[in-house]
Amino acid sequence: MLAGEADQLPDQEPGDIVFELKEIEHDTFERAGADLKAELHISLVEALTGFNRVVLTHLDGRGMQLNVQQPNGKVLRPGQVLKIDGEGMPIKKSDAKGDLYLVVDIEFPEDGWLRDDAAVQKLRDALPKNEITEPMADEVEEVEANFDAELEDFGAGSGDPRAGGADWEDEEEEGGPQCAPQ
Numbered sequence: 002m003l004a005g006e007a008d009q010l011p012d013q014e015p016g017d018i019v020f021e022l023k024e025i026e027h028d029t030f031e032r033a034g035a036d037l038k039a040e041l042h043i044s045l046v047e048a049l050t051g052f053n054r055v056v057l058t059h060l061d062g063r064g065m066q067l068n069v070q071q072p073n074g075k076v077l078r079p080g081q082v083l084k085i086d087g088e089g090m091p092i093k094k095s096d097a098k099g100d101l102y103l104v105v106d107i108e109f110p111e112d113g114w115l116r117d118d119a120a121v122q123k124l125r126d127a128l129p130k131n132e133i134t135e136p137m138a139d140e141v142e143e144v145e146a147n148f149d150a151e152l153e154d155f156g157a158g159s160g161d162p163r164a165g166g167a168d169w170e171d172e173e174e175e176g177g178p179q180c181a182p183q
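Under our numbering, the letters of the sequence shown match residues 2 to 183, in that order.
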């Protein structure tokens with residue numbers, strides 16, 4: 002706002018010039034203060050074996066190259082956050098910049114990408130062994146799973162506010178809450 006800078010007329014106090022800024026959504030980045038956030042799209046192979054490539058183009062047109070090395074390096078996991086210091090937005094009245102946060106998004110292979118049992122076994126041999134302990138049970142029943150299920154269906158139609166897809170709303174009763182004297 003520029004106070005007193007609007008049109009000036011004789012015998013009248015000039016008005017203010019008011020600027021309204023609207024921040025529009027960006028295709029790659031989200032902003033919070035001087036910090037930026039973006040998704041880091043990598044393949045499953047890159048998550049497990051590492052990579053050295055440009056992962057995104059910054060607002061100023063620079064390619065941001067990330068080098069994640071294996072073996073004995075870091076395995077990247079879905080939702081993991083990587084922070085790059087000083088690659089956010091400029092901080093007002095300062096030479097400093099915010100930080101860039103990259104949220105790992107692993108793109109898994111399409112269904113059916115393994116074509117035969119030999120390829121499945123080769124992959125099993127290459128990956129770490131299963132160290133998950135199975136729960137103990139007196140009786141075991143083999144079940145089938147629906148791989149296209151949505152968590153929004155969890156408890157749907159039950160009216161339970163903990164349900165995944167519940168559109169639960171407080172229904173105000175007329176007259177407010179009823180309290181009985183003790």
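Ideal placement from N, C-alpha and C gives every residue a C-beta, glycine not left out.
Tell me whether the beta-carbon of residue i lies closer than 9 Å to the beta-carbon of residue j.
| i | j | result |
| --- | --- | --- |
| G87 | G99 | yes |
| L49 | V82 | no |
| V105 | R78 | yes |
| L1 | G89 | Here the chain has residues from 2 to 183 only, and residue 1 is not among them. |
| F30 | L67 | no |
| A97 | A35 | yes |
| E40 | V69 | no |
Could you name the residues that DSSP lists as bridge partners for residue i?
| i | result |
| --- | --- |
| P91 | K98 |
| K123 | According to DSSP, K123 bridges with nothing at all. |
| F52 | V69 |
| I85 | L101 |
| T58 | G64 |
Just the Cα atoms here: how many angstroms apart are residue i and residue j?
| i | j | result |
| --- | --- | --- |
| G5 | I107 | 54 Å |
| A146 | L115 | 20 Å |
| E14 | L3 | 14 Å |
| W169 | F20 | Residue confidence for W169 is low, a pLDDT of 48 falling below 50, so the modelled location carries little weight; the figure read from the coordinates is stated next. In a straight line, the C-alpha of W169 is about 40 Å away from that of F20. |
| H27 | Q71 | 33 Å |
| D17 | D8 | 9 Å |
| G165 | A119 | 40 Å |
| S95 | R54 | 31 Å |
| K130 | L124 | 11 Å |
| T134 | A150 | 25 Å |
| P136 | L22 | 57 Å |
| P91 | G158 | 49 Å |
| D154 | R163 | 12 Å |
| I43 | A127 | 20 Å |
| E10 | I25 | Note that residue 10 is Leu in the sequence shown here, rather than Glu. One C-alpha to the other measures close to 36 Å. |
| V144 | G51 | 36 Å |
| G62 | K93 | 21 Å |
| L37 | G74 | 26 Å |
| D117 | E111 | 15 Å |
Below 8 Å on the Cβ atoms is my guess for residue i versus residue j; work out the distance and round it to an integer in Å.
| i | j | result |
| --- | --- | --- |
| I85 | L103 | 7 Å |
| F148 | L45 | That pair is no contact at about 17 Å. |
My parser needs the alpha helix (DSSP H) runs of 4 or more residues fully inside the stretch 18-50; what are they? Whole alpha helix (DSSP H) segments, 4+ residues: 45-50.
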